[in-house]
Amino acid sequence: MKKIVVAGGGHAAAQFCASVLETKQAVEITLITEETHLPYQRPPLSKTYIKEAEPQPAWLRPASFYADNQINIHMNSCVTAIHREEKSISVNSGDTFSYDVLVLAIGTRARAHDLFDKNRYSNVFTLRNIDDANGLRAQIGDARNVLVIGGGFIGLEIAATSRAMGKNVSVLEAAPRLLGRSVSVEVSEYLLHKHRSEGVEILLDAKVDKVDEKDGRITAAWVGDTRYDADVVVVGIGAVPNVELAQEAGLECDNGILVNRFMQTSDESIYAIGDCTNFPYQALNCHLRLESVQNANDQARCAARAIFDDPVPYTALPWFWSDQGGVRIQIAGVPHASHVRLVRGNPADDKFSVLYFDDNKLTCTESVNMPADHMAARKLISSAIEVEPEQAADPQVALKSLSQAS
Numbered sequence: 001m002k003k004i005v006v007a008g009g010g011h012a013a014a015q016f017c018a019s020v021l022e023t024k025q026a027v028e029i030t031l032i033t034e035e036t037h038l039p040y041q042r043p044p045l046s047k048t049y050i051k052e053a054e055p056q057p058a059w060l061r062p063a064s065f066y067a068d069n070q071i072n073i074h075m076n077s078c079v080t081a082i083h084r085e086e087k088s089i090s091v092n093s094g095d096t097f098s099y100d101v102l103v104l105a106i107g108t109r110a111r112a113h114d115l116f117d118k119n120r121y122s123n124v125f126t127l128r129n130i131d132d133a134n135g136l137r138a139q140i141g142d143a144r145n146v147l148v149i150g151g152g153f154i155g156l157e158i159a160a161t162s163r164a165m166g167k168n169v170s171v172l173e174a175a176p177r178l179l180g181r182s183v184s185v186e187v188s189e190y191l192l193h194k195h196r197s198e199g200v201e202i203l204l205d206a207k208v209d210k211v212d213e214k215d216g217r218i219t220a221a222w223v224g225d226t227r228y229d230a231d232v233v234v235v236g237i238g239a240v241p242n243v244e245l246a247q248e249a250g251l252e253c254d255n256g257i258l259v260n261r262f263m264q265t266s267d268e269s270i271y272a273i274g275d276c277t278n279f280p281y282q283a284l285n286c287h288l289r290l291e292s293v294q295n296a297n298d299q300a301r302c303a304a305r306a307i308f309d310d311p312v313p314y315t316a317l318p319w320f321w322s323d324q325g326g327v328r329i330q331i332a333g334v335p336h337a338s339h340v341r342l343v344r345g346n347p348a349d350d351k352f353s354v355l356y357f358d359d360n361k362l363t364c365t366e367s368v369n370m371p372a373d374h375m376a377a378r379k380l381i382s383s384a385i386e387v388e389p390e391q392a393a394d395p396q397v398a399l400k401s402l403s404q405a406s
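Counting in full-length UniProt numbering, the sequence shown runs from 1 upward without gaps.
Next comes the structure, spelled out in structure tokens:
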């Protein structure tokens, strides 16, 4: 019987357990998670969860799934050391667990901001887990002014949710545009105008110079001579992969835990999956680290197959989504600055897509309120079908028809 220890309690960890069970192999699974909850859906935390009166976690699997399959879960626990020679790990309780295979699904943590320390100020929050969401939800209901530091996906989702709750919302983004590392200029500009039209105050190129505080709470932030009042502050300035455990064990790391096409680390008995990994991305001939539920789930499936001698290289097409009020952004593929960009549709209609082409091959699509475009683009990109860019950008032509014609 193969003994597998899984470190982590997010999407990747839960999917890995399910995928291992699907192999029907004799296995003993131990799941070690810092959370005090079973694995749950994380995307709702920045949207519906914080504004519901009595929100309930959306469990990825019911408790019976773990009990019925004899998965040993240790919650409120973390792995403190990996002993590669002995093939064992230590946890903070002092216990040790031996393994035949160790799977690291340890994710990321919120990037810290020097001026906004959530351990120092009781009204400063990041949003990585359900405890963060519960803390924010407890204060945001009575807040009048919500200050968001960072104009990335989390920050804009929180801004839209807070505005829908009737709050005064200010977003301070240090970069010259929103989502500068994630989406095209066209989508950035659209979201800037859309959020502003909904009453969200957004300042770009905004470097916070100082904060005002009282009784352990931040009351305002200053950008130059302009004051931004705050009852609640949400910091969303990116994520840092949790690599320290792997580094201390001597595993190769570089902006994440380095893995091969089968999610195997530099130690053949240790795999890594999800947001903490830096993996080979064949489509762009590079290594990537992605923060995506799809990526976490697909990497978990890949690792499970590889462990049980049915290896299939990881080639899944990345896709993402973000709900910001009445706007749904869906991205298929990974944008590349050198690829030709065409806009399909009209942003003024709140429905459009940005298509990226490398010659006549679609490589990435960013769709705003265009779910049909997103689904068709996933097929076109995955199959590497050649299409005429100008035809694909014509909103009178259904993208779906181009994949069917081929």
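Every residue gets a Cβ at the ideal spot worked out from N, C-alpha and C, and that includes glycine.
For the putative contact between residue i and residue j, defined by C-beta atoms under 8 Å, what is the C-beta separation to the nearest angstrom?
i: residue 249; j: residue 82; result: 4 Å
i: residue 104; j: residue 239; result: With a Cβ gap of about 16 Å, residue 104 and residue 239 do not count as contacting.
i: residue 275; j: residue 107; result: 5 Å
i: residue 79; j: residue 245; result: 6 Å
i: residue 101; j: residue 307; result: 5 Å
i: residue 1; j: residue 28; result: 6 Å
i: residue 379; j: residue 401; result: Actually they are not in contact, since the Cβ atoms of residue 379 and residue 401 sit about 11 Å apart, beyond 8 Å.
i: residue 148; j: residue 140; result: Contact flag wrong, Cβ pair sits at about 11 Å.
i: residue 31; j: residue 73; result: 5 Å
i: residue 124; j: residue 20; result: In fact, because the Cβ distance is near 39 Å, the residues do not count as touching under 8 Å.
i: residue 343; j: residue 393; result: 7 Å
Just to confirm, are residue i and residue j a CB contact at a threshold of 8 Å?
i: residue 273; j: residue 300; result: yes
i: residue 298; j: residue 283; result: no
i: residue 292; j: residue 318; result: yes
i: residue 352; j: residue 368; result: yes
i: residue 184; j: residue 305; result: no
i: residue 110; j: residue 137; result: no
i: residue 212; j: residue 220; result: yes
i: residue 263; j: residue 303; result: yes
i: residue 236; j: residue 122; result: no
i: residue 188; j: residue 178; result: yes
Please report the distance separating the alpha-carbon of residue i from that of residue j.
i: residue 224; j: residue 268; result: 53 Å
i: residue 200; j: residue 145; result: 11 Å
i: residue 270; j: residue 310; result: 17 Å
i: residue 325; j: residue 360; result: 34 Å
i: residue 44; j: residue 227; result: 31 Å
i: residue 406; j: residue 327; result: Confidence at residue 406 is low in this model, with a pLDDT of 47, below 50, so its placement is unreliable and the value that follows should be read with caution. When rounded, the distance between both Cα atoms is 31 Å.
i: residue 323; j: residue 381; result: 23 Å
i: residue 290; j: residue 281; result: 10 Å
i: residue 376; j: residue 26; result: 40 Å
i: residue 37; j: residue 49; result: 15 Å
i: residue 34; j: residue 10; result: 10 Å
i: residue 313; j: residue 288; result: 15 Å
i: residue 97; j: residue 204; result: 49 Å
i: residue 354; j: residue 151; result: 20 Å
i: residue 117; j: residue 132; result: 14 Å
i: residue 126; j: residue 68; result: 35 Å
i: residue 95; j: residue 76; result: 13 Å
i: residue 398; j: residue 347; result: 18 Å
i: residue 320; j: residue 161; result: 19 Å
i: residue 345; j: residue 363; result: 18 Å
i: residue 16; j: residue 63; result: 16 Å
i: residue 261; j: residue 87; result: 23 Å
Going by DSSP, name the residue or residues bridged to residue i.
i: residue 261; result: Residue 261 is not bridged to any residue.
i: residue 333; result: 364
i: residue 214; result: 217
i: residue 449; result: Shown here, the chain extends from 1 to 406; a query on residue 449 therefore has no answer.
i: residue 404; result: Answer by DSSP bridge pairing: none, since residue 404 is not bridged.
i: residue 72; result: 30
i: residue 124; result: 233
i: residue 201; result: 170
i: residue 310; result: Its beta-bridge partners do not exist; DSSP assigns none.
i: residue 356; result: 341 and 364
i: residue 7; result: 32 and 104
i: residue 80; result: According to DSSP, which records beta bridges pairwise, residue 80 is partnered with nothing at all.
i: residue 287; result: 280
i: residue 386; result: 361
Following the continuous alpha helix (DSSP H) through residue i, name the residue where it begins and the one where it ends.
i: residue 196; result: 185-197
i: residue 373; result: 371-383
i: residue 17; result: 11-22
i: residue 307; result: 293-307
i: residue 162; result: 153-164
i: residue 136; result: 130-140
i: residue 110; result: Not the alpha helix (DSSP H): residue 110 falls in the beta strand (DSSP E), residues 108-110.
i: residue 245; result: 244-248
i: residue 389; result: 389-392
Just to confirm, does residue i get its C-beta within under 7 Å of one of the non-hydrogen atoms of the ligand SAM?
i: residue 371; result: Ligands in the displayed structure: none, and consequently the ligand SAM is not present.
Which first and last residues belong to the beta strand (DSSP E) in which residue i is found?
i: residue 344; result: 340-346
i: residue 277; result: 277-281
i: residue 116; result: Segment: none, residue 116 is in no beta strand (DSSP E) and carries neither H nor E.
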